[in-house]
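Chemist: Input: one structure, supplied below.
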Amino acid sequence: MSRFLRQEGLVYQNKVEALKIAIIGENQNLKNALQQISEQLGISKFPYPENEADYKIILDKAEYFSESEENNCLRLLFLHDGVKLTDIYDTKGGSPSLIQLPAFAMIGASLALQEVIRRSNCIRRVNIVNKQIKIEYRIDTSGYEGNHSELREFQMAGPDGSFIPFKIMPLEDDSGHIKLVSSLDLSNQDVNEILESTELLDMVQPQQEIQTSVVEFRVPRQTGMVSGSAAIVGSGGLGSWALYAASKGLQNAGCSGAGIELAIFDPDMNVEPHNLNRQILFNQKDLGNPKAPAAAKKIKEILPYSDILFGIQNIGMAELDSIDLKVHNGEEESKIEEIDLGVELSILSPQTINDVFSRSKAIVSCVDNLRTRVILSAISSKVNIPLINAGAAGWSGQLDIIIPPKGCMICRYGEGIARNKKIVSCQEDNEIPVSSIVTSTSIFGAIQGLALLASLSNESDLLQSWPKQLFWGGRSNNISVVPEDSSFPFSTCDTTHEEHQISALQTV
Ligand SMILES: [Zn+2]
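Mapping of the sequence shown onto our numbering: position 98 corresponds to residue 221, and the numbering continues sequentially without gaps.
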């Protein structure tokens, strides 16, 4: 299965791979981040020699003079409190704090490479959500004596001889025929070859002139000490970046992890090959293994003195119910479980979950369905800690920060989302498959990582001064912050947020 499967629906992968981008300047943090993201995008040679390159990224305050090629040059500039993509003559930047710097570098590198992808017309005009080879057998059953449902005595065998599941459907053309319908699994080598050699051709010529985009991402500067616990739910596209950005920031600020506890929840039993181009914490060795312990192991390597718990599990209604706000200080309950990668299944007990959420300073929601986001929002209301929620799919991403007692997911998005269990993710076996690309997940995961650091800060109310909602669109490469005084309902509510969220969740 191609590592780039989930991004090929968004970009012309061959064009991305052939991009010739030079970098100018010596800033090592930006260099490393660009190298990492370019590798995950599949750019085959990066950086490219300056005299042969089509695009140039000037790093931070490096000197650069140009007379003619401005449209192909951009500057990636650190700010005191963020990062900015700007024109090549703008050098009025600043120096971020050590703890925020790695995340700003990741966000900046993603924005810069997104800008090149955008300007070089690598972006498809429509997103291809899925491509598959469909197999249909049309069957005339007129000579068949059994019941149609008994057709299960037949099996469909795939190219490698193994059985593939199929559906039985009647044909509505008065022929009396029926259809056996199946689609071939992408893990099969032959199928993969056929799929990779097909292409959806866009017959409209791309527009050549694309407006230059100036993008700025800023959040309150953070310099103080950090300590305490947090829960991270979901360790895939967003969660892996959130954990990585936060732990790299701590490491960069000289923290070994002492005094930090992170609890990672993810029910996903399987790191898949197409996860590897976006999900920063995983590599080839993790394929086929559950995500939560693999993520925990990587974070432990970055922060050796941190306490990392993990549960290969969902956070659902049972977990919401199990939170009774009494922290159990008994030796056994609070004992941190050793990470044992030999263990196939590791599920935290209701009591441990209660303890984890009750002592957490924030919940980072990186999940793939709306109902779970509401459950996490209800837990955040119940234990009175911030919810740091993000979503990224295709070319868009979104961040929501909800700080109790002000607001909740239901007040922002309506009761309907409590009943919406549809899983929208890049995994093969979900209901709504989505294409996704590293730029969107790294930007939003890193933003969540920064917000997580802010929530663990000893500087009082740092997260309070963060934007409560922001959006990014990859086609325009534009970040927009929704002002808190807008007409958007940030906190309207008759009862308490906890109560009406639970009642919405209980209405099926
Ligand atoms: Zn509410």
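A virtual CB, placed ideally from N, CA and C, is assigned to each residue, including glycine. Since we're looking at a predicted model, the values are computed, not measured.
Going along the chain, which unbroken runs of the beta strand (DSSP E) with 3 or more residues stay wholly within the region 132-217?
Modeler: Annotation: the region 132-217 contains the following complete segments of the beta strand (DSSP E) (minimum length 3 residues), in chain order: 144-147, 178-182, 196-202 and 205-209.
Chemist: What does DSSP give as the partner residues of aspartate 391 in its beta bridges?
Modeler: Translated into the one-based positions of the sequence shown, residue 391 becomes position 268. Note: aspartate 391 sits in no beta bridge, so no partner.
Chemist: Go to serine 637, then tell me how far its beta strand (DSSP E) extends in each direction, as first and last residue.
Modeler: Nothing in the structure corresponds to residue 637, since the chain is present only between 124 and 631.
Chemist: Check whether the Cβ of histidine 623 sits closer than 7 Å to any heavy atom of ligand 1, and report yes or no.
Modeler: Position 500 of the sequence shown holds residue 623. Answer for histidine 623: yes, Cβ within range of ligand 1.
Chemist: Terminal residues of the continuous beta strand (DSSP E) containing tryptophan 364?
Modeler: In the sequence shown, counting from the first residue as 1, residue 364 sits at position 241. Unbroken run through tryptophan 364 is the alpha helix (DSSP H), 360-375; no beta strand (DSSP E).
Chemist: Specify the secondary structure class of tyrosine 260 as computed by DSSP and reduced to three states.
Modeler: Locating residue 260 in the sequence shown gives position 137, counting from the first residue. The answer is strand: DSSP assigns tyrosine 260 an E or B state.
Chemist: Residue range of the alpha helix (DSSP H) that arginine 496 falls in?
Modeler: Position 373 of the sequence shown, counting from 1, holds the residue named residue 496. Residues 493-506.
Chemist: Going by beta carbon distance, what residues of the same chain come within less than 7 Å of glutamate 621, once the five residues before and after it are set aside?
Modeler: The residue given as residue 621 occupies position 498 in the sequence shown. In the same chain as glutamate 621, and ignoring 5 residues on each side of it, the C-beta atoms closer than 7 Å to its own belong to Ala501, Ser504 and Lys505, in chain order.
Chemist: Note down, in chain order, each residue of its chain lying with its Cβ closer than 7 Å to the Cβ of isoleucine 459, except the 5 sequence neighbours on either side.
Modeler: On the sequence shown, residue 459 is found 336 positions in, with the first residue counted as 1. At isoleucine 459, the pLDDT of 47 sits below 50, so the modelled position is not reliable and the matter cannot be decided from this model.
Chemist: Going by DSSP, what residues sit across from asparagine 512 in a beta bridge?
Modeler: Start at 1 with the first residue of the sequence shown, and residue 512 comes out as number 389. The partner list for asparagine 512 (beta bridge, DSSP) reads Ser488 and Asp523.
Chemist: Does the distance from the CB of isoleucine 146 to the CB of leucine 182 come in under 8 Å?
Modeler: As a first step, residue 146 is located in the sequence shown; it is residue number 23 there, counting from the start. As a first step, residue 182 is located in the sequence shown; it is residue number 59 there, counting from the start. Their beta carbons are under 8 Å apart, which means isoleucine 146 touches leucine 182 by this criterion.
Chemist: Terminal residues of the continuous alpha helix (DSSP H) containing serine 445?
Modeler: Looking up residue 445 in the sequence shown gives position 322. Bounds of the alpha helix (DSSP H) holding serine 445 are 440-445.
Chemist: With burial defined as no fewer than 16 other Cβ atoms inside 10 Å of the residue's Cβ, what is the status of methionine 326: buried or exposed?
Modeler: In the sequence shown, residue 326 corresponds to position 203, counting from 1. Only exposed fits methionine 326, as fewer than 16 other CB atoms lie within 10 angstroms of its CB.
Chemist: Taking only three categories from DSSP, how would you classify valine 557?
Modeler: Here residue 557 refers to the residue found at position 434 of the sequence shown. Coil at valine 557, not helix or strand.
Chemist: Can you tell me which of the three DSSP states isoleucine 230 falls into?
Modeler: Locating residue 230 in the sequence shown gives position 107, counting from the first residue. It is helical.
Chemist: Hey, quick one: how far does the alpha helix (DSSP H) through asparagine 481 stretch, first residue to last?
Modeler: By one-based count along the sequence shown, residue 481 stands at place 358. Residue identity differs from the one stated: residue 481 is serine in this sequence, not asparagine. Start and end: 473-482.
Chemist: Look up glutamine 592 in the DSSP assignment and give the residues it is bridged to.
Modeler: In the sequence shown, residue 592 corresponds to position 469, counting from 1. DSSP output for glutamine 592 lists Asp523 as bridge partner(s).
Chemist: Applying the criterion that 16 or more other CB atoms from any shown protein chain within 10 Å of the CB defines a buried residue, is proline 413 buried or exposed?
Modeler: In the sequence shown, residue 413 corresponds to position 290, counting from 1. Label assigned to proline 413: buried.
Chemist: Are three or more beta carbon pairs between the region 242-250 and the region 370-384 nearer than 8 Å?
Modeler: no
Chemist: Assign glycine 537 to one of three DSSP states: helix, strand, or coil.
Modeler: Position 414 of the sequence shown holds residue 537. Annotated three-state conformation of glycine 537 is coil, per DSSP.
Chemist: Shorter than 7 Å, the distance from the beta carbon of cysteine 245 to the closest heavy atom of ligand 1, or not?
Modeler: Here residue 245 corresponds to residue number 122 of the sequence shown, with the count starting at 1. The answer is no for cysteine 245.
Chemist: Using beta-carbon positions only, say whether serine 358 and alanine 280 come within less than 8 Å of one another.
Modeler: Start at 1 with the first residue of the sequence shown, and residue 358 comes out as number 235. Start at 1 with the first residue of the sequence shown, and residue 280 comes out as number 157. No; because the gap between Cβ atoms is not below 8 Å, this pair is not in contact.
Chemist: So the alpha helix (DSSP H) lysine 290 belongs to, where does it begin and stop?
Modeler: In the sequence shown, residue 290 corresponds to position 167, counting from 1. Element bounds for lysine 290: not the alpha helix (DSSP H) but the beta strand (DSSP E), 290-293.
Chemist: Give a yes or no on contact between the region 533-545 and the region 191-209, applying the rule of three or more CB pairs nearer than 8 Å.
Modeler: no
Chemist: Does ligand 1 have even one heavy atom less than 7 Å from the beta-carbon of histidine 620?
Modeler: By one-based count along the sequence shown, residue 620 stands at place 497. Histidine 620 Cβ: within cutoff of ligand 1.
Chemist: Looking at ligand 1, does it come within less than 7 Å of glycine 530, judged from the CB to the closest heavy atom?
Modeler: Here residue 530 refers to the residue found at position 407 when the sequence shown is read from its first residue. Yes.
Chemist: From this set, Asn512, Leu404, Pro396 and Ser220, which residue's C-alpha is nearest glycine 377's C-alpha?
Modeler: Counting from 1 along the sequence shown, the entry for residue 377 is found at position 254. Of Asn512, Leu404, Pro396 and Ser220, the residue nearest in Cα terms is Ser220.
Chemist: Pick from Met532, Ser519 and Met348: whose alpha carbon is nearest that of leucine 628?
Modeler: Looking up residue 628 in the sequence shown gives position 505. Nearest C-alpha to leucine 628: Met532.
Chemist: Alpha carbon to alpha carbon, how far is valine 342 from alanine 232? Give it in angstroms, no decimals.
Modeler: Position 109 of the sequence shown, counted from the start, is the residue given in the question as residue 232. Position 219 of the sequence shown, counted from the start, is the residue given in the question as residue 342. Taking the Cα positions, alanine 232 is about 17 Å away from valine 342.
Chemist: Given this structure, state the Cα-to-Cα distance separating arginine 401 from isoleucine 511, to the nearest angstrom.
Modeler: By 1-based counting over the sequence shown, the position of residue 401 is 278. By 1-based counting over the sequence shown, the position of residue 511 is 388. Near 20 Å, if we compare the C-alpha coordinates of isoleucine 511 and arginine 401.
Chemist: When burial is assigned at 16 or more other CB atoms within 10 Å of the CB, is histidine 203 buried or exposed?
Modeler: Reading the sequence shown from its first residue, position 80 is the one you call residue 203. So histidine 203 ends up on the exposed side.
Chemist: Isoleucine 533: beta carbon under 7 Å from a heavy atom of ligand 1?
Modeler: Along the sequence shown, read from residue 1 onward, the residue named residue 533 stands at position 410. Within the cutoff, so yes.
Chemist: Using the Cβ count rule (16 or more neighbours within 10 Å means buried), how would you classify methionine 229?
Modeler: If you number the sequence shown from 1, residue 229 lands on position 106. Buried, since its Cβ has 16 or more Cβ neighbours within 10 Å.
Chemist: Assess, as a yes-or-no matter, whether the region 285-293 is touched by the region 588-595 under the definition of 3 or more beta carbon pairs within less than 8 Å.
Modeler: no
Chemist: Should serine 488 and leucine 499 be called a contact, given that it needs their Cβ atoms to be closer than 8 Å?
Modeler: Position 365 of the sequence shown, counted from the start, is the residue given in the question as residue 488. Position 376 of the sequence shown, counted from the start, is the residue given in the question as residue 499. Yes, the Cβ-Cβ distance between serine 488 and leucine 499 is below 8 Å.
Chemist: Look at the alpha carbon of isoleucine 256 and the alpha carbon of threonine 321, and state the distance between them as a whole number of angstroms.
Modeler: Numbered from 1 along the sequence shown, position 133 holds the residue referred to as residue 256. Numbered from 1 along the sequence shown, position 198 holds the residue referred to as residue 321. Taking the straight line joining both Cα atoms gives about 11 Å.
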